[in-house]
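These notes concern the structure reproduced below.
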DNA sequence: GAAGTTTATAGAACGTGTTCTACTTCTGCC
DNA sequence: GGCAGAAGTAGAACACGTTCTATAAACTTC
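Chains as they are written, first to last, in the numbering used here: chain H, 1 to 205; chain Y, 1 to 205.
This is the structure:
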């Protein structure tokens with residue numbers, strides 16, 4: 001099938017090759033993450049089976065493992081992708097509220113409701129995140145930073161102070177813990193809302 | 001081996017039977033939990049393999065599963081046992097400090113250092129705790145309650161107020177999250193100490 | 001103390017994450 | 001255009017959590 005006789009084939013190969021090498025890989029990676037998110041959305045953590053992800057992304061199992069060395073890496077990386085999307089969306093809208101307290105609550109409420117709209121996906125990602133071991137430390141750190149940034153931005157548009165960073169960290173911890181309680185059905189959505197509000201009040205009011 | 005002809009055999013059977021039935025089961029359960037803790041202490045979450053626990057506790061695999069329906073149940077239950085021990089020890093000593101802030105920090109420091117003395121065990125238990133799904137909700141709730149009680153007691157000896165309960169919950173969340181960061185080597189012991197102190201200061205100073 | 005029920009045992013079997021092997025296809029380089 | 005090495009593929013193989021089966025022991029009840 002290769003057009004071996006045309007003089008242009010060379011240039012064409014180089015060009016599409018260029019794009020292929022990096023671009024085909026970007027493309028594969030994207031397919032993998034998309035497949036992960038689709039499967040997670042449908043059936044949660046357990047439904048994200050490596051063979052199923054590979055098949056759906058149309059790559060071999062070995063390739064999947066070359067891109068993501070474990071299921072946890074895969075899910076935490078996907079969480080990172082999702083959080084970045086959420087952050088971008090958040091950056092495009094202005095956050096209402098007269099003070100840090102109101103603004104943080106707004107952001108928390110909005111993102112929490114967003115996650116609760118897709119319970120299986122949330123379950124898959126939070127469980128992977130909290131189950132991650134040291135080998136996924138980098139991915140986990142990345143996500144943790146994204147979360148903290150989200151809350152420091154909500155608190156003020158200035159460069160965050162150390163105190164604001166500390167508060168953001170506490171909020172991240174409480175938020176995650178409540179999300180986990182919610183996905184494991186130990187807390188209702190309104191329990192979560194109440195506790196988050198209480199927490200933010202303790203910290204920022 | 002059964003003394004079938006003696007009139008007392010009956011009573012004895014009933015008695016030792018009584019003790020056996022329940023007591024043999026208590027005994028088995030204890031052996032299982034001990035084996036779990038021993039294996040976890042040696043090699044963490046991965047070393048707690050169901051076959052290994054069963055063998056070490058000298059019960060069949062099926063029996064292990066009859067007592068604890070999954071590895072997570074097993075580890076979270078063991079965490080409950082450990083926390084109760086820690087609480088009892090805590091109850092026997094008086095907590096120094098002039099105010100809630102100092103007292104909570106004292107308790108936090110003490111229990112954190114205790115856990116850090118056995119990193120593998122801590123890793124096994126915290127990972128099981130945060131990985132638990134809905135089916136282990138009861139066990140997880142039990143542990144969460146133990147944690148919160150530990151901190152409300154530190155804050156004051158009175159019946160805890162709602163605010164104190166809320167604060168205890170936040171501290172529990174932050175504490176757990178830092179413990180996880182520590183076992184996954186994303187935070188050092190002194191990072192953890194610093195963050196806990198900062199958190200308690202935000203909440204109680 | 002015998003029948004029936006519950007609990008325990010040994011071990012096979014199964015599912016899914018992970019690793020390994022043998023082979024093919026790309027890609028960059030001369 | 002041909003070659004060396006990297007990347008991808010198909011699928012077997014392995015490990016460990018979990019379930020299942022067949023049998024034996026322990027307990028309860030009459």
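For every residue, glycine included, the Cβ atom is placed at its ideal position computed from N, Cα and C.
Remember, predicted model here, so these are calculated numbers, not experimental data.
| Check | Outcome |
| --- | --- |
| Is residue 43/Y helix, strand or coil when you go by DSSP? | helix |
| Relative to the ligand NAD, is the shortest distance from any of its heavy atoms to the C-beta of residue 159/H smaller than 7 Å? | Of ligands this structure carries none, so the ligand NAD is not represented either. |
| What residues from chain H crowd round residue 131/Y, counting only those whose CB sits closer than 7 Å? | 127, 130, 131 |
| Would you mind working out which of 154/H, 165/H, 62/H, 34/H sits nearest residue 91/H, comparing C-alpha positions? | 154/H |
| Measure the C-alpha to C-alpha separation of residue 175/Y and residue 38/H and round it to an integer number of angstroms. | 33 Å |
| If you measure beta-carbon to beta-carbon, which residues of the segment 31 to 55 of chain Y are closer than 7 Å to chain H? | none |
| Under three-state DSSP, which class holds residue 142/H? | helix |
| Under three-state DSSP, which class holds residue 192/H? | helix |
| Anything in the segment 111 to 124 of chain H with a Cβ closer than 7 Å to a Cβ of chain Y? List those residues in chain order, please. | none |
| Can you check whether the C-beta of residue 169/H is within less than 8 Å of a C-beta belonging to chain Y? | yes |
| Considering Cα atoms alone, identify which of 22/H, 178/H, 42/H is closest to residue 190/H. | 178/H |
| Among residues of its own chain, excluding the 5 on either side of residue 63/Y, which ones have a beta-carbon nearer than 8 Å to its beta-carbon? | 28, 54 |
| Which residues bound the alpha helix (DSSP H) around residue 78/Y? | 71 to 92 |
| May I have the straight-line CA-CA distance separating residue 135/H from residue 23/Y, to the nearest angstrom? | 43 Å |
| Whose Cβ in chain Y lies nearer than 7 Å to the Cβ of residue 228/H? | Because residue 228/H is not part of the residues shown, which for chain H are 1 to 205, the question remains open. |
| For the segment 162 to 169 of chain Y against the segment 72 to 91 of chain Y, are there 3 or more C-beta pairs whose distance is under 8 Å? | no |
| Would you kindly work out how many angstroms separate the C-alpha atoms of residue 33/H and residue 184/H, rounded to a whole number? | 24 Å |
| Would you please state the rounded distance, in angstroms, between the beta carbons of residue 172/Y and residue 100/Y? I believe it to be under 8 Å. | Between residue 100/Y and residue 172/Y the Cβ distance is about 15 Å, and since that is not below 8 Å, they are no contact. |
| Give the C-beta separation of residue 107/Y and residue 129/Y to the nearest angstrom, bearing in mind that I take them to be a contact with Cβ-Cβ under 8 Å. | Not quite, the Cβ-Cβ distance comes to about 19 Å (not below 8 Å), so this is no contact. |
| Hey, how far is the Cα of residue 42/H from the Cα of residue 121/H? | 7 Å |
| Report, in whole angstroms, the separation of the C-beta atoms of residue 35/Y and residue 57/Y, which I expect to be a contact under 8 Å. | 4 Å |
| Which of helix, strand or coil does DSSP assign to residue 99/Y? | coil |
| Quick check on residue 160/Y: does DSSP put it in helix, strand or coil? | coil |
| Looking only at its own chain, which residues have a Cβ that is under 7 Å from the Cβ of residue 119/Y, when we skip the five neighbours before and after it? | 183 |
| Using a Cβ cut-off of 8 Å (strictly closer), state whether residue 191/Y contacts chain H. | no |
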